[in-house]
Every structure is written in C-alpha cells, then in structure tokens.
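Engineer: Residue numbering for the sequence shown follows the numbering used here, beginning at 95 and increasing consecutively.
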Amino acid sequence: MAESVPRIELELHVPAQWRAPLGWTLEVLAGSMGVRFQHVNEGDQDLTSLPVRLIVGGARPQRSPAPQALWIPFHGDKAPEPGRDGWLPGEGIPAPGPHLALDAPLPGGPCYEDGAPALEVLRTGDSRLYRLGFDPLSPAFQDLSRLEELDPSRAPAFVEGRSTASPTRAGLDPLQPWVENLARLLTGLLTETDSPHSRTLPRWPKGHCWALCLSHDVDMLFKWRLRSAVRLLLTTPLSLFSGRLAHTARQWRELFRKLTRGEDPWWQVEEMLELETRHGALASFLFLAESHDHRTYRYHLGRVAVRALLQRLRERAVDVQLHGGWHTLGKPELLRDERRQLEVLSGRNSRITRQHYLRFDRSRTWRDQEQAGFRADSTLGWNDRPGFRAATSLPFQPWNPELSAAHELLEIPLAVMDSQFYFERELDPEGAARNIQRLCRTVCGSGGLLCVNWHPHVLCREDYPGLADLYIGLLEQALARAPWCTDLAGLEEHWRTRMAMLAGAGK
C-alpha cells in the first residue's frame with residue numbers, strides 16, 4: 095500500500111526561522127491528506143516519478159517546474175515566537191468565496207492585497223500552475239501549535255479547577271476543523287492527475303469515511319461514602335424544613351440500598367459498557383490513580399470493588415488507560431508512578447492519558463507525558479464548550495518549540511465532553527443536541543475524527559437529568575453515519591501505522 099501513496103515535491107522559499115515550523119505544519123497536513131512531501135531545491139527538474147510540486151513563498155514562478163504545481167504565498171514576516179501580540183499573520187482575513195467548492199471556511203480570503211483571486215490558474219496544458227491568493231500555512235501553524243497559550247494572558251483560565259476556553263482568532267468557529275478543509279483543498283489541487291501516484295492513503299480502515307472514538311474519564315465511582323452519609327444525616331432536618339421531601343426521601347433510599355445491597359447510583363462503568371455493546375460500539379475507560387484531588391476524594395484503585403471491576407474489564411478486553419491526576423502537572427515522575435500503579439492493578443499496559451479536568455499547560459504537559467512513558471494524549475479540548483482547540487479533529491504530533499521539531503507523543507484532539515453542556519449553566523438539551531448534530535455532520539463531511547468523553551457517573555438520571563439521553567442520542571446520530579468506531583488504543587495504533595506507511599512511501 096505504501097507504494098501507492100502520492101509523493102509531492104516540496105519547494106520552500108521562507109526565512110530560515112520559518113523552515114522548521116512550516117515543515118512541521120506541512121507534515122501534519124500530509125498526514126491529513128494521505129500524501130508524502132519530498133523536499134527539493136528550486137530548479138530541480140527530475141520529473142520522472144514526481145509529477146506534482148508544491149511551492150511555498152518566493153516570487154511568482156514564471157513557469158511550472160512540474161506537470162502540475164501549486165504556488166502558495168508566504169506572508170510570515172515575523173519569527174514564530176510565543177508571547178508576542180500579533181506575532182503571527184493571518185488574523186482577521188475574511189473567509190473565501192464559494193468558488194473554492196468548500197462547505198466550511200478557511201482563514202483566507204477571496205483576494206489578497208495585490209487583488210489576486212483566492213484560487214488563480216496561472217498556466218494550463220501540460221504544465222498546470224495554480225496560485226492561492228492568500229497564505230493559509232501561517233495561521234495553520236498558529237492554530238495547530240497552540241504556541242499562543244505560552245502567553246499567560248492567552249492561556250485557558252481555570253474556574254474551580256476547570257479550564258475555560260482559550261481565545262481563538264477572530265472569526266474562527268471552534269466547531270469547524272478548518273485545517274481539514276485546507277487539507278482537502280490541497281489534496282484536490284495536488285492530486286488531480288491521472289497518475290497512479292494520485293491515490294492518497296485512506297484515513298480510516300475498512301472503507302469508512304470518518305471515525306468515532308469513545309472514551310470515559312472515570313472521575314467518580316461512589317456517591318455514598320462515610321462523609322456523604324454524615325452530611326445527609328446533618329442536612330436532613332433543614333431539607334425537610336425547606337420542603338424538599340421527595341429529594342430527601344430519594345437520598346435516604348439510595349443510602350439504604352448502599353448499606354443493604356451495596357448498590358451505588360454512581361457505579362455506572364459496566365452500565366456504560368453494556369449501553370455501548372448494545373450499539374456495537376467500542377470505548378476506552380480512563381481511571382484515576384490519584385484518590386484525592388484539590389476538591390474531593392474520588393476512589394482508591396486498590397479498593398476490592400475497584401480491583402474486581404478492573405479484572406472484569408480485562409476479561410472483556412476493554413481498553414483501560416490512565417486519567418492523569420490533578421497534582422501531576424509539572425511532575426512527570428508522579429505521572430509515571432500513576433501509570434505503573436494502574437498497569438499493575440489492571441494487568442494492561444497504559445500508554446495513553448488524559449489529564450484530570452483537562453488541566454493542560456502548553457509549556458510542559460506534552461513533555462511531561464513523554465517523560466512518563468506515554469505515547470498518546472487526549473487532553474487538548476475544552477471544558478466549557480465543544481469544538482476543536484487546535485482547529486483539527488485528526489491526531490497529530492504536537493510542535494515542540496524547544497527542539498524545533500515534533501513531539502514523539504501523538505495528540506488525539508477531544509471534541510465533545512458532557513460537562514461542556516452544563517458548565518456554569520443549566521443544561522439546554524435542545525441546544526446541546528443541535529451542537530452534537532452539527533459536529534457529527536461536520537466531522538463526517540470532512541472525513542475527520544470525533545473524539546468523545548462522557549463520564550460514566552452522569553448516567554445517573556436523578557443527579558444528572560438529561561445527560562444519559564443526550565449521550566444515547568449522540569451514539570445513535572453518530573453511528574447512523576457509519577463511522578469507524580474505535581477506542582483510544584485502536585486509534586493510536588492505526589494512526590501510527592498510517593504515519594509509518596506515509597513516512598516509508600517511496601523509500
């Protein structure tokens with residue numbers, strides 16, 4: 095299959111400080127496109143095996159150096175340094191017109207300062223030459239790298255420990271993974287030849303056009319513990335005096351069932367598993383190894399009931415990964431200890447993580463996870479709104495500004511989480527359902543990935559009304575569009591295999 099991957103010549107005419115960042119950006123795009131870029135020098139004319147060339151920056155070519163070429167202007171006159179206001183171009187550029195045949199916008203424009211159209215045919219015939227009238231690569235680097243979050247004023251704020259959305263460039267829709275739209279545009283312009291080299295490597299296996307990855311952060315397993323029982327006992331007189339009879343009676347019934355039968359309304363992991371099994375879906379469960387965070391007690395992995403649960407999940411070959419604790423931020427050795435603790439108790443290797451509360455620090459989280467032995471992360475998302483924090487739905491290796499190269503770690507962008515629909519507000523079931531429907535339609539249309547995180551304990555309808563039905567609706571809507579449904583481990587393995595095939599194409 096690697097032999098059929100298109101190889102496209104890449105000619106860069108950009109300042110030295112931009113070569114590595116743009117090279118990384120184009121590698122991310124190549125992974126999205128299913129092609130391989132091969133760097134060449136200006137004037138190279140060996141066209142026997144590579145009939146297509148992408149030219150970035152420099153003066154307008156007078157002729158096409160290949161049977162088919164695309165020239166993209168480069169307007170990045172500043173070095174890609176974090177922490178500077180307006181340090182990267184691309185801000186405020188209007189969306190392109192419908193003549194680009196896109197159903198979602200790019201951060202480009204129908205014309206640039208010289209009046210050139212968004213897409214211009216400079217030459218036709220045996221040596222076709224196209225030109226984009228705007229620079230999409232600089233803003234692509236900005237959005238993919240998230241370097242702006244190194245500036246404290248632009249990093250996500252934390253409200254009661256939960257991160258709010260980091261600022262996005264003006265005019266960008268967080269529900270649109272526009273980098274995939276750019277990849278689709280480039281694919282159409284660079285692979286429209288009759289050569290067998292134009293067959294791009296499919297993103298997803300078995301002929302599926304998009305992917306759904308389900309995951310569950312196991313934040314809570316027990317509602318009723320000694321402390322919560324004492325609290326109920328102490329607050330019951332006030333609740334009765336306030337007229338909350340039905341609520342108080344329900345609480346006491348729950349506590350009675352816990353004491354007599356061992357049933358807890360937040361023990362929902364296996365109920366979630368059965369729900370997804372009925373729908374023919376796979377999912378990952380991410381467990382905390384940290385029993386206490388900054389807010390409350392969670393659970394202890396060594397507890398008999400939890401160990402028995404992990405054993406049952408292992409017997410059913412369920413993917414179990416680590417939910418990195420709150421206190422692991424900046425402490426890779428603690429994160430490594432948590433990983434090893436989970437591996438011992440679950441009997442499975444843990445190579446993927448997601449930080450508790452999505453607690454993410456651009457300057458160190460990915461580096462710490464690599465040092466702790468992880469191969470993939472799925473923290474990059476928002477607590478308070480759905481969408482794509484890095485403007486892409488697809489896995490990618492993040493930019494490491496310290497090395498001017500990609501991290502080894504694979505980032506799996508998180509798009510949907512239950513708390514996004516009730517963060518500091520009442521749940522709006524209709525509005526949430528509309529957002530989910532739009533995300534499913536958008537990701538399916540772009541051939542992307544919809545990564546979902548739904549906490550199992552919110553299946554408790556009495557404490558979290560509406561969230562169980564919302565998740566069932568998400569499952570039904572997504573699965574009706576025939577995605578490749580996988581868990582985090584399956585996704586990571588598939589994408590790395592695909593990356594290796596692209597890297598080996600033509601070698």
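Ideal Cβ positions, reconstructed from N, Cα and C, are used throughout, including at glycine.
Please report how far the alpha carbon of Leu517 lies from the alpha carbon of Asp478, in whole angstroms.
Structural biologist: A small fix is needed here, since residue 517 is Phe in this sequence, not Leu. Going from the Cα of Phe517 to the Cα of Asp478 covers about 5 Å.
Engineer: Just list the residues that DSSP pairs Tyr393 with in beta bridges.
Structural biologist: DSSP output for Tyr393 lists no bridge partner at all.
Engineer: Nearest-angstrom Cα distance between Leu244 and Thr390?
Structural biologist: So the alpha carbons of these two residues sit roughly 29 Å apart.
Engineer: To the nearest angstrom, how far is it from the Cα of Leu223 to the Cα of Pro426?
Structural biologist: Roughly 50 Å separates the two Cα atoms.
Engineer: Distance, Cα to Cα, Arg101 vs Arg555?
Structural biologist: Each residue's alpha carbon lies about 53 Å from the other.
Engineer: In angstroms with no decimal places, state the Cα-to-Cα distance between Pro190 and Gly467.
Structural biologist: Residue confidence for Pro190 is low, a pLDDT of 33 falling below 50, so the modelled location carries little weight and cannot support an answer.
Engineer: Would the region 120-132 and the region 265-280 be scored as touching if the rule is three or more Cβ pairs under 8 Å?
Structural biologist: Contact between the region 120-132 and the region 265-280 is present, because at least three Cβ pairs lie under 8 Å.
Engineer: Consult DSSP for Gly418 and reduce its assignment to one of helix, strand or coil.
Structural biologist: Three-state DSSP puts Gly418 in a strand.
Engineer: Going along the chain, which residues of its own chain have a beta-carbon closer than 8 Å to the beta-carbon of Arg401, five neighbours each way excluded?
Structural biologist: Hits under 8 Å: Leu395, Leu439.
Engineer: Taking a contact to mean a Cβ-Cβ separation below 9 Å, would you say Leu380 touches Ile446 in this structure?
Structural biologist: A contact, by the Cβ cut-off of 9 Å.
Engineer: Apart from the five residues on each side of it in sequence, which residues of its chain come closer than 6 Å, Cβ to Cβ, to Phe131?
Structural biologist: Excluding sequence neighbours, Phe131 sits near Ile102, Leu104, Leu120, Ala124.
Engineer: Measure how close the beta-carbons of Leu62 and Ala484 come, nearest whole angstrom, since I'm counting them as under 8 Å.
Structural biologist: Lying outside 95 to 601, the shown extent of the chain, residue 62 is not represented and no answer is given.
Engineer: Can you tell me whether Leu315 is helix, strand or coil according to DSSP?
Structural biologist: Leu315: coil per DSSP, three-state reduction.
Engineer: Classify Lys300 as buried or exposed, calling it buried when 16 or more other Cβ atoms lie within 10 Å of its own Cβ.
Structural biologist: Its Cβ having fewer than 16 others within 10 Å, Lys300 is exposed.
Engineer: According to DSSP, is His341 part of a helix, a strand, or is it coil?
Structural biologist: Correct three-state label for His341: helix.
Engineer: In whole angstroms, what is the alpha-carbon distance linking Gln111 and Ala375?
Structural biologist: Distance between the alpha carbons of Gln111 and Ala375: 46 Å.
Engineer: Taking only the alpha-carbon atoms, compute the straight-line gap between Phe335 and Leu326 and give it to the nearest angstrom.
Structural biologist: Their Cα atoms are separated by approximately 14 Å.
Engineer: Just checking, does the region 347-360 make contact with the region 530-543 on the three C-beta pairs under 8 Å criterion?
Structural biologist: In short, these stretches do not touch, since the Cβ pair count stays below three.
Engineer: Measuring only the C-alpha atoms, how far is Ala96 from Thr591?
Structural biologist: For Ala96, the predicted model reports a pLDDT of 43, less than 50, meaning its position is unreliable and no value from the coordinates is stated.
Engineer: Comparing alpha-carbon positions, which option in Phe168, Gln162, Leu503 lies nearest Val108?
Structural biologist: The residue with the shortest Cα to Cα distance from Val108 is Phe168.
Engineer: If we call anything under 9 Å between Cβ atoms a contact, is Asp311 one with His417?
Structural biologist: For Asp311 and His417, yes; Cβs fall inside 9 Å.
Engineer: Using a Cβ-Cβ cutoff of less than 6 Å, which residues in the same chain neighbour Ser513 once the five nearest sequence positions on both sides are dropped?
Structural biologist: For Ser513, where only same-chain residues beyond five positions count, the Cβ hits under 6 Å are Asn477.
Engineer: Can you check which of these residues, Arg519, Val412, Pro577, Arg458, is closest to Ser444 by C-alpha distance?
Structural biologist: When each option's Cα is compared against that of Ser444, the closest is Val412.
Engineer: Pick out whichever of Arg406, Arg217, Leu568, His551 has its Cα sitting closest to the Cα of Pro161.
Structural biologist: The option with the nearest alpha carbon to Pro161 is Arg217.
Engineer: For Asn529, tell me which candidate among Gln270, Glu505, Arg321, Arg458 has the shortest Cα-Cα distance.
Structural biologist: Selected option, being the one with the closest Cα: Gln270.
Engineer: Which stretch, first to last residue, makes up the beta strand (DSSP E) that contains Phe379?
Structural biologist: Taken as a continuous stretch (DSSP letters only), the beta strand (DSSP E) holding Phe379 covers 378-381.
Engineer: Since Gly151 sits in a beta bridge, which residues does DSSP pair it with?
Structural biologist: Looking at the DSSP assignment, Gly151 forms a beta bridge with His107.
Engineer: Hey, would you say Leu382 sits closer than 9 Å to Arg392, going by beta carbons?
Structural biologist: For Leu382 and Arg392, yes; Cβs fall inside 9 Å.
Engineer: May I have the straight-line CA-CA distance separating Arg147 from Leu564, to the nearest angstrom?
Structural biologist: About 47 Å.
Engineer: Among the residues of its own chain, which have a CB less than 6 Å from the CB of Lys317, if the five just before and after it don't count?
Structural biologist: Taken in chain order, the residues that qualify are Asp358, Pro359, Trp360.
Engineer: Does the distance from the CB of Met366 to the CB of Trp548 come in under 9 Å?
Structural biologist: Closer than 9 Å, so yes.
Engineer: Report, in whole angstroms, the separation of the C-beta atoms of Gln415 and Leu582, which I expect to be a contact under 8 Å.
Structural biologist: Contact flag correct, Cβ pair sits at about 6 Å.
Engineer: For my contact list, Leu452 and Ala377 are in at a C-beta cut-off of 8 Å; report their separation, rounded to the angstrom.
Structural biologist: In fact, because the Cβ distance is near 18 Å, the residues do not count as touching under 8 Å.
Engineer: Could you give the residue range of the beta strand (DSSP E) that holds Ala163?
Structural biologist: Here the beta strand (DSSP E) through Ala163 covers 162-166.
Engineer: Return no unless some Cβ of chain D is closer than 9 Å to the Cβ of Arg222.
Structural biologist: In the structure shown, chain D does not exist; there is a single protein chain.
Engineer: How should Ala470 be labelled, buried or exposed, when 16 other C-beta atoms within 10 angstroms of its C-beta is the threshold for buried?
Structural biologist: The residue is buried, with at least 16 neighbouring Cβ atoms inside 10 Å.
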